[in-house]
Amino acid sequence: MSAPFYITTPIYYVNDVPHIGHAYTTVAADFVARWRRLHGDDVVFLTGTDEHGLKVQRSAEAQGVTPREWADRTAQRFVEAWRGLDISNDDFIRTTEPRHYHAVQQFLQTVYDNGFIELGTYEGLYCVPCEAYYTEEELNDGRCPIHDRPVDHVTEENYFFRLSAFEDRLLEHYTKHPDAVQPESRRNEVLGFIRQGLRDFSMSRTSIDWGIPLPWDSSHVTYVWFDALFNYCTAVGYGADPARFERYWPVNYHLVGKDILRFHAVYWPAMLMAGGLEPPQCVFAHGWLLVGGEKMSKTRLNQIFPADLVADFGVDGVRYHFLADQRFGPDGDFSYESMVARYNADLANNFGNLASRVLNMAVSYLGGTVPEERANGPLAAAVPRAYEAMVGAMADLDLAGALAALWELIRNANAYIEASEPWKLYKAGETEAVAGVLGDCLETLRAVALLASPAIPRASADLWRRLGLDGSPESERLPDAINIGRLPAGRSLVKGDSLFPRKDA
Ligand code: MSP
């Protein structure tokens, strides 16, 4: 029976259209989801849109449409953006769906009945883009530390979630599960925040109606973050399908940007505890994709859209860049120039070149069929070594590290060709030796196609077909599928066009 594996992206606000900052998290989650499927896991990969709250309501007003119309329109943009990047999500949740209303209301009632929600008055400073309250100390000269804009002064009768009751339980949880927030630096940040003392937070609003009404007091709608976070439970059947919920909860990974770490690693586990549910196994917070040193945003007008990059670099080119160019954790700068450079170096020269060299030689020297012979040269050991390194890196969500290990294998294969000079062997009439060397290279190409498929699914599937293999890399199961000797002799090889044509700067 295959193991359940549940991974999520944040659900994106529909006030904005999808840009490459959103794509960054989504492609990362897709890589992990595909990698787990390749190992036979029963994967649920969830993404979606966050559609309630003041921010969305105001965007809709600005456009002169209802929030629902606005949400329908923008949610569709996200669906299309992910389709355009070959994202393999199993579900796409929208917080305006009936399934989510039902789940949230059921959960709220439970938390209320458990005594963790109570009525109070709130007076505070609110940042609409964050959909969050701030204290004076947290602001920079009265401005939101994330959006660098003035905050609103708000007084409301609100229901409060008793976050303060969970300080000890959260600390105990993170002591018992040191990997529950990653990377380490983020874990320290979360622990520091909890140790400063937790304040109850307001979890309802009366000033707006674009939200989910509280089941016991319909004059209030649920605070957007309380509603949004619960999407992760709705999608795996909370309140509707207990067996399914039991199977996938607690989630394996929530991938989030560092901007929303506190919501995911402090509020969310406490909310779950209050409702008698288990906290996430791991919240992994990555850094920002910066453009010219700044976070991409609508107000800064520095957004780059995935489809524009796909037009220039292809789907795989874009996916590869996000995964390989910066470590999944710290911030990284995005630039077109470095994208061209990396594309040419890694995809055109290394990956593409290895494939075309090997296939060309196999066509010229071996009549275009997979030989029986294997030289059992250094690649025979390099393949499993690369796989093991990838396994280790992927277990730590070191996505760039995993790809670096695979590219090491590609470089080894290119070096092996240089060293063994099949063209000389061919001229010297050493047919068996040529077949042996190319046999090893073809086996390696098969392994490369397989291991690269979670990152660059199109080129990998293409290479798979050119090797005369049936099905696609996705139909294989690791770790068995990595073994050398899986490439059947006698199959016809196809040279084809270059997999990654070079780009001019
Ligand atoms: N709706 C909330 C999340 C609710 S999850 C229960 C939200 N949405 S968002 O659309 O503003 O941003 C969500 C996520 O998009 C960020 O946490 C991050 O994962 C990703 N990114 C948005 N801009 C980004 C960059 N410039 N760089 C990297 N990731 C960025 O917050």
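Residue numbers (the numbering used here): 423 to 927.
In this text, a Cβ means the ideal position worked out from N, Cα and C, and glycines have one as well.
Quick caveat, the model's predicted, so the values are computed rather than measured.
Around the C-beta of residue 618, fewer than 16 other C-beta atoms lie within 10 Å, and the residue is accordingly described as exposed. Restricting attention to alpha helix (DSSP H) runs no shorter than 4 residues, the segment 720–751 encloses them at 728–747, ordered along the chain. Checking the DSSP bridge columns, you'll see residue 549 partnered with 554. Residue 578: member of the beta strand (DSSP E) spanning 574–583, first to last residue. As a beta-bridge residue in DSSP terms, residue 707 pairs with 678.
Judged by DSSP in its simplified three-state form, residue 635 adopts strand. Distance between residue 726 and residue 442, taken at the CA atoms: about 6 Å. In the three-state scheme derived from DSSP, where H, G and I count as helix and E and B as strand, residue 516 is classed as strand. Rounded to the nearest angstrom, the Cβ distance from residue 682 to residue 432 is 6 Å, consistent with a contact under 8 Å. When the Cα atoms are used, residue 615 and residue 576 turn out to be separated by approximately 24 Å. The ligand MSP has a heavy atom closer than 7 Å to the beta-carbon of residue 650.
The nearest non-hydrogen atom of the ligand MSP is 7 Å or more from the C-beta of residue 726. Within the same chain, 525, 526, 529 come within 7 Å of residue 652 by CB-CB distance, once the 5 residues on both sides are set aside. The ligand MSP has a heavy atom closer than 7 Å to the beta-carbon of residue 711. Taken through DSSP and simplified to helix, strand or coil, residue 476 comes out as helix. For the pair residue 512 and residue 478, the CB atoms are not nearer than the 8 Å cut-off. Rounded to the nearest whole angstrom, the C-alpha separation of residue 916 and residue 748 is 34 Å.
Using a cutoff of 7 Å, the CB of residue 715 does not count as near the ligand MSP, since none of the ligand's heavy atoms is closer than that. The segment 761–780 and the segment 811–824 do not touch, with fewer than 3 CB-CB distances between them shorter than 8 Å. Your pair residue 780 and residue 912 does not check out as a contact, with CB atoms roughly 17 Å apart and the cut at 8 Å.
Counting only the Cα atoms, residue 914 lies some 24 Å from residue 772. The residues 886, 889, 891, 908, 909, in chain order, have a CB closer than 8 Å to that of residue 868 in the same chain once the five nearest residues on each side in sequence are set aside. Around the beta carbon of residue 789, fewer than 16 other beta carbons lie within 10 angstroms, which makes this residue exposed. Three or more Cβ pairs closer than 8 Å define a contact, and the segment 636–643 falls short of that threshold against the segment 656–665. For residue 755, the enclosing beta strand (DSSP E) stretches over residues 754–756. Under DSSP, residue 716 forms a beta bridge with 713.
Taking the C-beta atoms as reference points, residue 742 is found no nearer than 8 Å to residue 832.
With a 10 Å radius around the Cβ and a threshold of 16 neighbouring Cβ atoms, residue 450 comes out buried.
Excluding sequence positions up to five before and after residue 621, its CB lies within less than 7 Å of the CB of 585, 586, all in the same chain and listed in chain order.
When the five nearest sequence neighbours on each side are left out, the beta carbons in the same chain lying within less than 7 Å of the beta carbon of residue 835 are those of 776, 801, 863, 866, in order along the chain. The closest heavy atom of the ligand MSP lies 7 Å or more from the beta carbon of residue 557. Straight-line measurement puts the Cα of residue 708 at about 10 Å from the Cα of residue 754.
Within the model, the alpha-carbon separation for residue 674 versus residue 705 is close to 8 Å. Here the alpha carbon of residue 679 sits roughly 23 Å from the alpha carbon of residue 589. At least one heavy atom of the ligand MSP is found less than 7 Å from the C-beta of residue 443.
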